[in-house]
Structures are given as structure tokens and as C-alpha cells.
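Enquirer: Quick one: this structure, given as C-alpha cells, is what I'll be asking you about.
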Amino acid sequence: MQLVKLSLKKANKIPIEADNINPDNFAGKSAEEIKAIPVWYGNGQCPLGDFFYIEVEGSDSAENTKIVFEGDVSRVKRIGQNMSAGEIEINGNVDMHCGFGMKGGKVVINGDADSWLGCEMAGGEIILNGSASYYVGAGYRGEACGMRGGKITVNGNTKDYLGEHMCGGEILVKGDVGLLPAISNNGGKIVIEGNATMPASEMKNGTVIIKGEVYDLLPSYKEEGTEEVEGVTYRKLVGDVNIGGKGVLLIK
Amino acid sequence: MSEILIKNASVCDPAQGINCEPMDICIRDGKIVERVSGNAKVIDAVGKLTMAGGFDGHTHSAGKINVGRFINPNDARKNPVPGLSGQVARTEKTRAQVGYNTPNTYAIGYRYAKLGYTTICEAAIPLLAARHTHEEFKEIPILDKMGLSLFGSNWQVMEYIRDKEPEKLAAYIAWGLKASRGYGVKIVNPGGGEAWGWGRNVTGLYDPVPNFDVTPAEILIGLAEANERLRLPHSIHVHCNNLGKPGNYATTIETMKLFEKVKPSRDRQALHVTHVQFNAYAGTSWRDFETGAPMVADYVNGADHLTFDLGQVIFGPAVTMTADGPVEYANARMLHEKWSNQDIELEDASGVVPLFYSPKSFVNAVQWAIGLELALLVKDPWKIMFTTDSPNGGSFVNYPEAFTYLMSAKRRAEVISGFSKMALDRMVLPGIDRELDFYELAVMTRSTQSKMYSRPEKGNLKVGSDADIAIYDLLPGQVDPSTEYAKVKQAFSGAAYTLKGGEIVVKDGEIEATPKGKTYWVNAKVPKSIDAAMQKDIDRKFRKYYTVSKANYMVEDSYIQKPVEIDTEGVF
Chain A
1 MQLVKLSLKK ANKIPIEADN INPDNFAGKS AEEIKAIPVW YGNGQCPLGD FFYIEVEGSD
61 SAENTKIVFE GDVSRVKRIG QNMSAGEIEI NGNVDMHCGF GMKGGKVVIN GDADSWLGCE
121 MAGGEIILNG SASYYVGAGY RGEACGMRGG KITVNGNTKD YLGEHMCGGE ILVKGDVGLL
181 PAISNNGGKI VIEGNATMPA SEMKNGTVII KGEVYDLLPS YKEEGTEEVE GVTYRKLVGD
241 VNIGGKGVLL IK
Chain B
1 MSEILIKNAS VCDPAQGINC EPMDICIRDG KIVERVSGNA KVIDAVGKLT MAGGFDGHTH
61 SAGKINVGRF INPNDARKNP VPGLSGQVAR TEKTRAQVGY NTPNTYAIGY RYAKLGYTTI
121 CEAAIPLLAA RHTHEEFKEI PILDKMGLSL FGSNWQVMEY IRDKEPEKLA AYIAWGLKAS
181 RGYGVKIVNP GGGEAWGWGR NVTGLYDPVP NFDVTPAEIL IGLAEANERL RLPHSIHVHC
241 NNLGKPGNYA TTIETMKLFE KVKPSRDRQA LHVTHVQFNA YAGTSWRDFE TGAPMVADYV
301 NGADHLTFDL GQVIFGPAVT MTADGPVEYA NARMLHEKWS NQDIELEDAS GVVPLFYSPK
361 SFVNAVQWAI GLELALLVKD PWKIMFTTDS PNGGSFVNYP EAFTYLMSAK RRAEVISGFS
421 KMALDRMVLP GIDRELDFYE LAVMTRSTQS KMYSRPEKGN LKVGSDADIA IYDLLPGQVD
481 PSTEYAKVKQ AFSGAAYTLK GGEIVVKDGE IEATPKGKTY WVNAKVPKSI DAAMQKDIDR
541 KFRKYYTVSK ANYMVEDSYI QKPVEIDTEG VF
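Sequence order for the protein chains is A and B. Residue numbers for the first sequence follow UniProt numbering, so the first one is 1 and each next one is one higher. Residue numbers for the second sequence follow UniProt numbering, so the first one is 1 and each next one is one higher.
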């Protein structure tokens, strides 16, 4: 087991682009080596040690490496980008692109996340105990596939475009979501326990279950009876017929 | 006075019939000369293949490619060719580069130069959008540029052909070239662009164009005759009707035959047919789709009046962009892809659709084979220009990869081994064992272009020519391209030296300098009286239909970087 603790020396206004803060990159490294890892700060690179106090206990493989952020890192972007194993725990808020392109491992955020949480992730798990902003599990501009695998659990709310262009994997939101969740989906499963507005437009494939209120349901869905999931009966809608979609939208 | 001496180069210069012979090349003030003084800077090229700078005669590198950038923001993140694409940070000598199929302007210049290319021709400029194309030209470093202006579905052109006014037609072409600062006449799916305005297309050479009472055959011949009347340096440059449709090889051969009677006014072809791969399809639908390359190659082998280029497919992501609006609509519908369509007022309609060529798709595999079949079945390399129709068949950064297909049957067999039986049944490539040598490759990538574009100072190493030179770390005779194709690919991917106008722009595969390139355009002289009569007609067009006025139309000199005006005297 290797435990790496990072705490910010002082809050930064200019964002840090920490695209190499992940267990794959930290495993087996000493505190000195981790301090020397360069991260982008504004338009230049600086060593990680300039921004963080770093403590390391033990030394192990990526699977057995845990990174813990003590306190708020709301201006640190791309934490956990492309990680394939291990665990990251963030005890505060986190900036955009957290867990982008994740392939395995686990990220736990005990605060709020900004936009693009877990976008284009292919495996692993993200647990967000606060709320997220826009584009959770989505794809970047122009991409045909957003999230492809893994699981994102949001215990709070999210804003618009949840799971845009999703092709696989699972998203669970305990609270409410904003406009157009599951837009242009091609696979995967989204469960929303709260309310949603205009869900699943242009969905081709995949499943969306909404347990709360649905505002402005799109007219491009065909009602096909009911379906029971875990003892609850939902109206079953299939679409989006505008694009010959076979996605399933289950609502109350 | 700057002098360079390239010593003991292994020179391959088909224009002079030099086939990989050791010799020295002398350069003074950007030109190749007989001899230089003892003060000349010496480049030791012992054991290095040396050719004229490459010349890509059909590429989409300015103008429409910008629409490709808009609709493919994801392309900026792609990096399938390490070191050549994807995001590359700026250095002291280069600006930041992004993109693969639709790279930013700087990346286009750097990447071509790294491949040893020094001149490109943007193959489609709508007259109305010419200003933007030249703005992009300005930002493409190193390379010399030229562009072909679109005339194939132009109202004024079709009216003059219908009304049998060949002199005014020639005057209009001359004005259009001047207005767009273009180098030649490009025709895309003649008549189809106008038909597309009505949601339709033309299906062959003898379909009337809606509302214009002319046929594609009449447009082709009319423009070819105007082209020869103006004595333009390049012949008409034709994207045939029915592009991308099974069975279209017949239309292609029919188009080629149509030009047997056209007499060129210069020592060059009467017709250039472009990206023939997309126009050499047999079968009647996508189910029974198969290669039509043997039929096309057969005809070309017996004909002397034309040149063509390949439009070779590269497996992986591509972005199709063409002034053939209807074909792009069909692509987008078939592939369920995003698309962009642009209607250029009275002039043409174009579209952009991204797609992915997969070796697992039998159609894509056969398309890949057709390009190579054309190159290998046509005996005379002087009729062939090598292209991928970048980025339609794939990005130009893959040229070195494609060269290995042409030069090695073993390499082809390797790729073919991944194809399905269905794909193999539809192609003839596995039965072809021809392998091109460096001399033939030099013909297809440099020498043909020099002749077909009538640019005697380009694409060869004669005394007096531009000192655009590519030196590759590869010694013919010691490297066998049929087996050591990995070495060939590596050497062509990053030139040991690229010289542009006598300046070293690439050294050991890295950018050394980024000078500005020249822009070639053709100013064809027309008698004043004919010009005045034609101007009256287009004045009416502008008043009645255009959203801009004629005064705002002309590309001003300030838009042209280092202009080179080619004057021709028309015969009236």
C-alpha cells in the first residue's frame, strides 16, 4: 500500500492543469520525485512541489496506491485523467475534467465537482458526494462517443447535458439534473432519481430511468406500454423516433 | 549572394532521365546553377536519395478545410501518426500545431515540408470565397501555392455554353481566374452543383442541368475549349460525374473519351481527371460493388491525352470535402454522420462529411485497393500524380505509408491479409506484383506535376529550376524497398534536408526555417471588346442575384503573398 497525501500550500487563482496526478504516475515514487513532477500553471510548467505539501507513506504498484487531497482543490483541473488503477480521494471541491478518460480505479470526491466530470471515461468508478456542473460523463466537442464504460454516482444534483453522447457504462444521479440529459446517447444506462427536463433527445440506444418529475417531455417518443424495474412500474417510451432510435426512456 | 553545394547526392530526376546517379547540385540565390564558388556552404549528401521538392497537385489545404475544422473540433485531438499530427507544442522556430485531417495552417506547411514537399495546389476555390482561401494561403508557411477555381456549375458559364458564346466564355474564365487569383479551371460534377440547388443531381454526361438546357458533356467540352483558347498552363481539372457511385467507371471512361478530340494548346495533357479511385467503381449497388480499376487503366494505357491522380485511401479517420454537394448529402445520410453543406450563390455547392475507412469494411478495403490498382495497372507513370486527395482519402501525412504500398508487394500482402474473402473477391490487387522503384515514385510525386501544370521550374533539378530539393536518408541500391519498407517509410516521413528556394527549411526531419512561399496565379489576356461585352453580362448578374457587388468581389493584390503572375495571351 502506498498513500500519497497532497495539501495545497495556498489557494491558487490561476488554474493548475494537473493531467498527471494519478496513481499510475505516482506509484513507487518518493515524495521528492512526486514534488518534481511538472504540471501546467498558466502558460508554463512548474513542479508539483511548488503548490502542494506532499507526504508519502510506503511504496507500491498503481493498484495499491491511494492519493488523498486534503482540502479544497477547486482550481486544480484534470485530476485522475486517464488513470487505470488505484484510488483518489478529494476532501473538498474539484475543478473541471476530473477523471477524464479514466480506464480503471476509483475517484471519491467529498465536495462538488465542476464541469466535464468523468467525460469520455471507459472504466473505473467515480463517486461524487456533492453536486456536479455541466457535461457529466459527456464527450468533448465533436466526438461521437462520450462515456464508454465504468460508473459515475452523483449524490447531489447535476446541471445540463448529463451523459451527452454516452456509448456505455452507467450514471446514477440521486438529485435533480438540468436540461437535455442523455442527449444523443448510443448506449449505456442513466438513472436519475430526481427531476429532469427534456431528456434523451436524439437518443439512438441505451436506457434512461427517471424517478422524479419530467418536464417538457419530447414529442418524438413512442409510448410502448409499461416496464417494471426493481418493483416499480414505469411508462416505457422508445425513441428518439426522429433518428430511428431504439433507446428506452422509463418515466413515471 | 547565397550559395550551397550539395555534394555526392544520389540524384533521381526523371525530368532529365537521371536515375539515382551520384552527382553534385549547385545552388545560387534560390536557383540551381552550373557551378558555385569555393565559398558555398556544403551539404554532404553521400548515400542520400535526392529529388526535386515534392509537388502535391491536388490537396485541400485552404478554404473548405476550414469548414472541416469547424465541424470536426475533435480532429484537433487525434494523433494517429506520432510526431506528425495531434497537438505539438510551439518551438522557437514553429508555432503550435493541432489536428490530423484538418490541421491548422502552420501544421500544413511544416508537415508537407518534413515530407520533402515544397509546392501544393489547393484543388477547389469557389470564386466568391477566394479571398478567404488566400488568407489561409498566407498563413501556410514554407510552401509555394496555387489554386484551381471552380467553374463547373457556374450560371454564367452554363449560359454562355447554352448560348454558344465561346469567346465570352473564355473572357469570363479569364476574369474569374483574375478575380479569385486562381491558376486553373476546376470542374466538379459538372451541372450537379446547380442541380443540387433543387435537391437533385445529374446522373451522367447527357442529363440536362435543371433550368439551363445544357448537359455535363457540353460544360466539359465548352470549358476545355475556353481553357485552350486562353492557353492556360494547366488543362481543365475534372472531378467526374457520379463520384462515389457503384458503376461509375463507365461515366469516367466516357468522360475521358470525350476529350480525345480536344487539342491542347501547350505541351501538356488535354484533361486531368482527379481522384479517380472514387470514380473507378464497378457493380450496380453497394452489395455487388467491385473494382472498376482494370477497365479504367486499360483505357488510360491506350490514351495519350490525359493525366490523372489517385485519391488513394488511407485506413483510419478522414474528412471528405468536395464541391460535390449531392454526394456529400448522400454520404451523410448513409453514414448517419454530421455534415455541412454550402451553397455558393451562382457558382457551386459543396459539402463536408467526416468518415472512417476501416479495413474490416469490404467497401473500404476495395476502395483502398482501387487506388493502388490504378497506380500499378497504368504502365506509364507520367500519366499519374500521386495523391490521397487529402483529406478525402486520408491525410497527406500518410504519403510515406502509401509509398510503401506502391513499392512493395510484400507490404501490400501484409495489409491484404486482414481483408475479408468478400473484399478479396471484389479486387484484382492481390494478383498484381508490380513494384515501383524510386524513379517511378519521383515521376508520380514531382515530374508529372511539373509537366501537367506547365511549371518547368518546379519538380525537377535542371539548371535554372527553383532550388526546391528533398534529400532523404536512404540510398537506392542499398535499401530494397520491396522488403525494407519500414526504412523507406521512415526516410520519407522526415527528410534529412528540405530546401525551399535554396534555403534549408528542414534538417534531420525538424523544421529549420519558415520562409514565406509564393502564390502563382494566371492572368489571361482577352481582347478589350470581348471583355467589355462579358462585363455587361456579369454586371447584370451581380445586380440581380449576388449578395455582394462586383467591386467587393475581386481578390486584391494585398491578399496575395509573394504573387507570381503567369501571363498568357488568348487566341480570339
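Glycine included, each C-beta is placed from N, C-alpha and C at the ideal position. Treat the numbers as computed from the prediction; the structure is a model and nothing was measured.
Assign B:ASP44 to buried or exposed, taking buried as 16 or more other Cβ atoms, counted over all protein chains shown, within 10 Å of its Cβ.
Expert: exposed
Enquirer: Could one say the Cβ of B:ASN39 lies closer than 8 Å to chain A's Cβ atoms, at least one of them?
Expert: no
Enquirer: On the premise that B:THR59 lies in contact with B:LYS458, defined as a C-beta separation below 8 Å, what is that separation, rounded to the nearest angstrom?
Expert: That belief does not hold up - the Cβ atoms of B:LYS458 and B:THR59 are roughly 15 Å apart, past 8 Å.
Enquirer: Taking A:LYS66 and A:GLU87 to be in contact with their CB atoms under 8 Å, please state how far apart those CB atoms are, rounded to whole angstroms.
Expert: Between A:GLU87 and A:LYS66 the Cβ distance is about 4 Å, and since that is below 8 Å, they are a contact.
Enquirer: For B:GLN478, count neighbouring Cβ atoms within 10 angstroms of its own Cβ and tell me buried if that reaches 16, exposed if not.
Expert: exposed
Enquirer: Have a look at B:GLN535 and B:SER180 and give me their C-alpha separation to the nearest angstrom.
Expert: 16 Å
Enquirer: If you reduce the DSSP assignment to three classes, tell me which class B:HIS234 lands in.
Expert: coil
Enquirer: Where are the alpha helix (DSSP H) runs, 4 residues long or more, that stay fully inside the segment 35-117 of chain B, in chain order?
Expert: The segment 35-117 of chain B contains, as complete alpha helix (DSSP H) runs of 4+ residues, the segments 64-71 and 105-114 (chain order).
Enquirer: Check for me: the alpha helix (DSSP H) holding B:ALA224 runs from which residue to which?
Expert: Counting along the chain, the alpha helix (DSSP H) containing B:ALA224 begins and ends at 216-229.
Enquirer: If we count the other Cβ atoms within 10 Å of its Cβ and call it buried at 16 or more, is B:HIS336 buried or exposed?
Expert: Exposed is the call here.
Enquirer: So what's A:VAL208 in DSSP terms, helix, strand or just coil?
Expert: strand
Enquirer: Determine whether the beta carbon atoms of B:GLY191 and B:VAL209 lie at a separation below 8 Å.
Expert: yes
Enquirer: Between which two residues does the alpha helix (DSSP H) holding B:TRP196 run?
Expert: 192-196
Enquirer: Please check if any C-beta of chain A sits within less than 8 Å of the C-beta of B:ASN331.
Expert: Contact of B:ASN331 with chain A is not assigned, every C-beta pair being separated by 8 Å or more.
Enquirer: I'd like the list of long-range same chain contacts for B:SER390, defined as Cβ closer than 6 Å, with 5 residues on each side in sequence excluded.
Expert: THR59 and PHE396
Enquirer: Here's the rule: buried if 16 or more other CB atoms are within 10 angstroms of the residue's CB, otherwise exposed. What is B:GLY431?
Expert: exposed
Enquirer: Closest by CA to residue 276 of chain A, which one among A:GLY71, A:GLU224, A:ASN20 and A:ASN110?
Expert: Chain A is shown only over 1 to 252; residue 276 of chain A falls outside these bounds and no answer can be derived.
Enquirer: Can we say the segment 50-58 of chain A touches the segment 4-21 of chain A, given the rule of at least three CB pairs closer than 8 Å?
Expert: yes
Enquirer: Using a Cβ-Cβ cut-off of less than 9 Å, list which residues of the segment 131-143 of chain A approach chain B; keep chain order.
Expert: GLY139, TYR140, ARG141, GLY142 and GLU143
Enquirer: At the level of alpha carbons, what is the spacing between B:ALA129 and A:SER220?
Expert: 39 Å
Enquirer: On the DSSP bridge assignment, give the partners of B:ASN341 in chain order.
Expert: B:GLY351
Enquirer: Which residues share a DSSP beta bridge with B:ALA123?
Expert: B:ALA123 pairs with nothing; no bridge assigned.
Enquirer: By alpha-carbon positions, which one of B:LYS114, B:ASN189, B:ASP557 and B:ILE566 ends up nearest to B:VAL202?
Expert: Of the listed residues, the one whose Cα sits closest to B:VAL202 is B:ASN189.
Enquirer: Okay, do the segment 505-522 of chain B and the segment 88-105 of chain B touch, 3+ Cβ pairs below 8 Å being the bar?
Expert: yes
Enquirer: Considering Cα atoms alone, identify which of B:ALA52, B:LYS7, B:GLN97 and B:ASN104 is closest to B:ARG69.
Expert: B:ASN104
Enquirer: Return the bridge partner residues of A:GLU223 from the DSSP annotation.
Expert: A:LEU237
Enquirer: Just curious, the beta strand (DSSP E) that A:ALA132 is in, first and last residue?
Expert: Taken as a continuous stretch (DSSP letters only), A:ALA132 belongs to no beta strand (DSSP E), as it is neither H nor E.
Enquirer: Comparing C-alpha positions only, which one of B:HIS305, B:ASP304 and B:LEU374 sits nearest to B:THR291?
Expert: B:LEU374
Enquirer: Got a sec? Which residues, its chain only, sit under 6 Å from B:VAL67 by beta carbon, not counting five neighbours each side?
Expert: Close CB contacts of B:VAL67 within its chain, under the 6 Å cut and outside five residues either way in sequence, are with SER340 and VAL352 (chain order).
Enquirer: Cβ atoms of B:GLY176 and B:SER149: under 8 Å apart, would you say?
Expert: Closer than 8 Å, so yes.
Enquirer: Check whether chain A comes within 8 Å of B:ASN8, counting only Cβ atoms and requiring the distance to be less than that.
Expert: no
Enquirer: Across the segment 13-28 of chain B and the segment 402-411 of chain B, are there enough close Cβ pairs to call them in contact, namely three or more that are closer than 8 Å?
Expert: no
Enquirer: In the DSSP assignment, find the alpha helix (DSSP H) that holds residue 575 of chain B and state where it starts and stops.
Expert: Nothing can be reported for residue 575 of chain B, as the shown portion of chain B is limited to 1 through 572.
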